[in-house]
Amino acid sequence: MGDMTDVLLRGSCLCGAIRYELTHAPSLSVCCHCSRCRKTSGTAFAANLFVPLEALRYIAGAEHLRSFKPPEAERFIHAFCGICGATLPSDNQAYGLAVVPMGSLDDDPGLSPRAHIWVDSRAPWDTITDDLPQHPEALGSGS
Numbered sequence: 004m005g006d007m008t009d010v011l012l013r014g015s016c017l018c019g020a021i022r023y024e025l026t027h028a029p030s031l032s033v034c035c036h037c038s039r040c041r042k043t044s045g046t047a048f049a050a051n052l053f054v055p056l057e058a059l060r061y062i063a064g065a066e067h068l069r070s071f072k073p074p075e076a077e078r079f080i081h082a083f084c085g086i087c088g089a090t091l092p093s094d095n096q097a098y099g100l101a102v103v104p105m106g107s108l109d110d111d112p113g114l115s116p117r118a119h120i121w122v123d124s125r126a127p128w129d130t131i132t133d134d135l136p137q138h139p140e141a142l143g144s145g146s
């Protein structure tokens, strides 16, 4: 399991059955407005941060971890607790990253979202009211 000194952040699901640790500082955090993130978060956008895949370590309840990959999705996987349904970190093998929903963190990550992505896909009732950069699609699009 590794030494406690290498744990930077901890997170868990709503019922507490699944717990995880991150052993690497997040590289980036964004607010994603794509339809898939809206559906999995149940709100206007998902605030996600990213760490290398090897930095994500499940320390309890991994047997309750479930995932769903929409057939048409190339890189999207929804990971969640099979008991309470809470969204949990998912692995993006294509990029070698774990996508961590910030709402699942138990600790303060020490960073805030830096941009809005997939804003051209946002819900018609979603009004962005901050001054963060807005990208029509993925980070860097429309720049």
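The sequence shown: position 82 = 85 (this note's numbering), numbered continuously. Every residue, glycine too, gets a C-beta built ideally from N, C-alpha and C. In this text the structure is predicted, and so the values were computed from the model without any measurement.
Just verifying my parser: in three-state terms, what is the DSSP assignment at residue i?
i      : result
GLY106 : helix
VAL10  : coil
Could you compute how far the alpha carbon of residue i sits from the alpha carbon of residue j?
i      : j      : result
ILE62  : CYS16  : 12 Å
PRO73  : ALA118 : 25 Å
GLY145 : LEU59  : 31 Å
MET4   : THR26  : Annotation note: pLDDT 41 at MET4 (below 50); position unreliable, coordinate value reported separately. Computed Cα separation, rounded: 11 Å.
ASP129 : GLY14  : 28 Å
GLY99  : PHE79  : 13 Å
GLY143 : ALA65  : 34 Å
VAL10  : PRO55  : 14 Å
Going by the beta-carbon positions, is the gap between residue i and residue j smaller than 8 Å?
i     : j      : result
ILE21 : HIS67  : yes
ASN95 : VAL103 : no
ALA76 : ARG39  : yes
Measure how close the beta-carbons of residue i and residue j come, nearest whole angstrom, since I'm counting them as under 8 Å.
i      : j      : result
TRP120 : CYS35  : Correcting the residue type first, residue 120 is Ile in the shown sequence and not Trp. That belief holds up - the Cβ atoms of ILE120 and CYS35 are roughly 5 Å apart, short of 8 Å.
VAL33  : PRO116 : 5 Å
PRO3   : PHE53  : No answer is possible for residue 3: the residues shown for the chain start at 4 and end at 146.
Confirm the yes/no value for this check: CB of residue i, any heavy atom of the ligand ADP, distance under 7 Å.
i     : result
PHE71 : Within the structure as shown, the ligand ADP is missing, as the structure has no ligands at all.
Leaving out the 5 sequence neighbours to the left and right, which residues in its chain are closer than 6 Å to residue i when beta-carbon positions are compared?
i     : result
THR46 : none
ASP6  : Reliability of the predicted coordinates at ASP6 is poor, the pLDDT of 46 falling under 50, and no value is obtained from them.
Got a sec? Which residues, its chain only, sit under 8 Å from residue i by beta carbon, not counting five neighbours each side?
i      : result
ARG69  : ALA82, PHE83, CYS84, GLY85
LEU114 : PRO29, SER32, LEU52
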